[in-house]
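Trainee:
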Amino acid sequence: MAEGRRKMAESRRELLEGRSKMLAGRRKLLEGCRKLAEGRKMSLEGHRKLLEGRRKMLAGRRKLSEDCRKLTDGRRKMLEGRTKLSEGRRKLWVGRTMLSEGRRKLSKGRGKLAKGCKKMAEGRKKLLEGRKKSLEGRRKMLAGRR
């Protein structure tokens with residue numbers, strides 16, 4: 594009977610360990626999803642900025658070629674467009690890195706979740722074994738009393 598109780602306690606411990614691993618996996622999964630969404634948002638923002646910069650740069654070039662008298666204004670517009678373009682490229686790069694980081698975290702979270710589920714199943718199996726042993730022990734104990 595003592596062996597059955599010991600096995601049952603051990604299986605409960607494993608079950609709790611499996612549950613905690615599963616919860617950790619779920620947390621990681623949520624964190625990964627959040628990072629992925631954040632990365633997508635930044636990537637879209639970067640793309641928008643890139644397009645805006647391109648548009649401004651083209652507007653500056655148009656202004657520059659329109660007339661020579663307003664050369665300074667056109668040059669200013671063109672330079673402004675170039676800075677916007679580089680800012681957009683930078684934002685796009687940051688967004689892409691965040692997106693890849695989010696994907697990595699997501700896959701890591703999925704792996705942890707699977708590991709946690711496996712541990713939990715093992716724990717349940719051991720718990721059932723422990724209960725079975727415990728019942729066997731009780732039966733033997735009661736049979737010995739008679």
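Following my numbering, the numbering of the sequence shown begins with 594 at its first residue and continues without gaps. Beta carbons: idealized from backbone N, C-alpha and C, even for Gly.
1. Buried or exposed for G597, going by 16 or more other Cβ atoms inside 10 Å?
2. Nearest CA to the CA of E631: which residue from L608, K712, R689?
3. Whole angstroms is fine: what's the gap from L657's alpha carbon to R641's?
4. Are the beta-carbon atoms belonging to L678 and G646 less than 8 Å from one another?
5. Please report the Cβ distance between G716 and E638, rounded to the nearest whole angstrom; I am assuming they are in contact, meaning their Cβ atoms lie under 8 Å.
6. Measure the beta-carbon distance from L643 to L685 and round it to whole angstroms, keeping in mind my assumption that it falls under 8 Å.
7. Roughly how many angstroms separate the alpha carbons of S604 and K733, rounded to a whole number?
8. What's the gap between the Cα of L720 and the Cα of S727?
9. Assign R739 to one of three DSSP states: helix, strand, or coil.
10. Find out if the Cβ-Cβ distance for the pair K705, G618 is shorter than 8 Å.
Mentor: Quick look at the numbers:
1. Residue mapping note: residue 597 aligns to position 4 of the sequence shown, counting from 1. Residue environment: G597 is assigned as buried (16 or more neighbouring CB atoms within 10 Å of its CB, all protein chains considered).
2. Walking along the sequence shown from the start, residue 631 turns up at place 38. Nearest in C-alpha terms to E631, of all of L608, K712, R689, is R689.
3. For the purposes of this step, residue 657 is taken as residue 64 along the sequence shown, with counting starting at 1. For the purposes of this step, residue 641 is taken as residue 48 along the sequence shown, with counting starting at 1. Straight-line Cα distance between these residues: approximately 24 Å.
4. Numbered from its first residue, the sequence shown carries residue 678 at position 85. Numbered from its first residue, the sequence shown carries residue 646 at position 53. Against a cut-off of 8 Å, the Cβ pair of G646 and L678 comes out as a contact.
5. Reading the sequence shown from its first residue, position 123 is the one you call residue 716. Reading the sequence shown from its first residue, position 45 is the one you call residue 638. Rounded, the Cβ-Cβ distance is 45 Å, inconsistent with contact.
6. Along the sequence shown, one-based indexing puts residue 643 at 50. Along the sequence shown, one-based indexing puts residue 685 at 92. Between L643 and L685, the beta carbon gap of about 6 Å places them in contact (Cβ cut-off 8 Å).
7. Translated into the one-based positions of the sequence shown, residue 604 becomes position 11. Translated into the one-based positions of the sequence shown, residue 733 becomes position 140. If I take the Cα positions, the gap works out to 22 Å.
8. Here residue 720 corresponds to residue number 127 of the sequence shown, with the count starting at 1. Here residue 727 corresponds to residue number 134 of the sequence shown, with the count starting at 1. Each residue's alpha carbon lies about 10 Å from the other.
9. Residue numbering aside, residue 739 sits at position 146 when the sequence shown is read from its first letter. In this structure, R739 counts as coil in the three-state DSSP scheme.
10. On the sequence shown, position 112 is the one that residue 705 refers to. On the sequence shown, position 25 is the one that residue 618 refers to. Yes, they are a contact pair.
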